[in-house]
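2 protein chains.
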Amino acid sequence: MGDSPADSSLRAFMGYDMKRAFTAIQSDVNATLQPFGLRMLTFSVLTVIRDNPGLRQSRLAEVLMIERPNLVLILDELEGMDLVTRTRARDDRRAYELKVTLKGRRLCDRAGQAVAEHDARMARGLSAEERAALHRALRQIESNGRSSDDAGEISRP
Amino acid sequence: MGDSPADSSLRAFMGYDMKRAFTAIQSDVNATLQPFGLRMLTFSVLTVIRDNPGLRQSRLAEVLMIERPNLVLILDELEGMDLVTRTRARDDRRAYELKVTLKGRRLCDRAGQAVAEHDARMARGLSAEERAALHRALRQIESNGRSSDDAGEISRP
DNA sequence: TATTGTTATACTCTATAACTATA
DNA sequence: TATAGTTATAGAGTATAACAATA
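Sequence lines, in order, name chains A and B.
Per my numbering, the first sequence starts with residue 1, numbered consecutively.
Per my numbering, the second sequence starts with residue 1001, numbered consecutively.
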């Protein structure tokens, strides 16, 4: 019987299934955030600043694995929307301390709730156990990737 | 105790964990494919053509969810590497039939094996059941995303 | 008319080098 | 000298409109 789908070989690879699922989630999340004037990336930045007031750009870039130059434009955007403030650090006048404004906090809360709702929609058909297992698997994979950065199983000096 | 990581709120969202895991896999796969002169995208295209000789560009674009214009450049690249041929279809002289060359088949096989090995490395720490559950969850999510494209729960005409 | 492949174009995300001002 | 933030730039990947050849 069969008539296997045209991409059946690729389905054996984690990367392919992951890309398809991630693309689906990303479009969904971006569509969800659009009414708030946010995207997945700006929402992530806004959320981390809200949770870590006084955070500096270098540290924020590390946390989200964004290059410092790329973060600058994102913060310009969020600052321009009056969601985030940059204030010179007293102890180190090279650095900025990042904080969300009241408007930023409110938007972040509403947007976060919307994303959570759409997360639930994207996860329907999966039990609570299956969703928990998914999160565990994703973090395990991420950590496996991180450990091979330096362990140098491929690259040689 | 506690001292929760700076991105702990984001970790509750599927999209964030998925992005982190996908980014890790993608860099790994791209690094793995680099010695073959391929990337995740070109490898996917090559594999689908190998599995579906005579496939046309429109159909290939559908299968991989790539826009037709973007596929053109990828095929130019693969054709330039002598991995793929475009031949005019006899029954419809607008269309091309895509096939892999012998060189393309060999490269695809070797590259596929390398990707499978690195897939296994990225999945270490996960049991066979957990890996199977991950694939099922990813496909469920992808399918949930697809069904909301038209169902229009958000957008209104 | 509609479709296949194509060109041109633009936007997002990402990556690197080099600059400035502080330290 | 080193670091924080910035500027400029380039590369992927993705998305849309419009065109030529063919149906």
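For glycine and all other residues, C-beta sits at the position ideal for the given N, C-alpha and C.
Could you pull the DSSP bridge partners for residue i from this structure?
i: VAL1115/B; result: Paired residues: none, contrary to the question.
i: VAL84/A; result: VAL100/A
i: LEU33/A; result: None; LEU33/A has no bridge partner.
i: LEU38/A; result: BP columns for LEU38/A are empty, so no partner.
i: LEU1055/B; result: LEU1098/B
Starting from residue i, trace the beta strand (DSSP E) both ways and give me its first and last residue.
i: ILE1079/B; result: Checking the sequence shown, residue 1079/B turns out to be Glu, not Ile. Not the beta strand (DSSP E): GLU1079/B falls in the alpha helix (DSSP H), residues 1068–1080.
i: LEU1126/B; result: Neither: LEU1126/B is in no beta strand (DSSP E) and is coded neither H nor E.
Verify whether the separation of the beta carbon atoms of residue i and residue j is less than 9 Å.
i: GLU1142/B; j: ARG59/A; result: no
i: VAL115/A; j: GLY1145/B; result: no
i: ASP91/A; j: ALA1006/B; result: no
i: SER1148/B; j: ASP28/A; result: yes
i: ILE1025/B; j: MET122/A; result: no
i: SER9/A; j: VAL1048/B; result: yes
i: VAL1084/B; j: LEU1098/B; result: yes
i: LEU1078/B; j: GLY1104/B; result: yes
i: PHE1013/B; j: ASP119/A; result: yes
i: ALA137/A; j: ALA1137/B; result: yes
i: ARG205/A; j: HIS1135/B; result: The question about residue 205/A has no answer, for chain A in this structure spans 1 to 157.
i: GLN1057/B; j: LEU1033/B; result: no
i: ARG1106/B; j: TYR1096/B; result: no
i: GLN1113/B; j: GLY125/A; result: no
i: PRO53/A; j: VAL100/A; result: yes
So residue i and residue j are supposed to be a Cβ contact under 8 Å. How far apart are they, rounded?
i: LEU1038/B; j: ALA1111/B; result: 6 Å
i: CYS1108/B; j: LEU1041/B; result: Not quite, the Cβ-Cβ distance comes to about 14 Å (not below 8 Å), so this is no contact.
i: ALA1133/B; j: GLU130/A; result: 7 Å
For the ligand NAD, is there any heavy atom lying closer than 8 Å to the beta carbon of residue i?
i: LEU41/A; result: Among the components modelled here there is no ligand, and therefore nothing to report on the ligand NAD.
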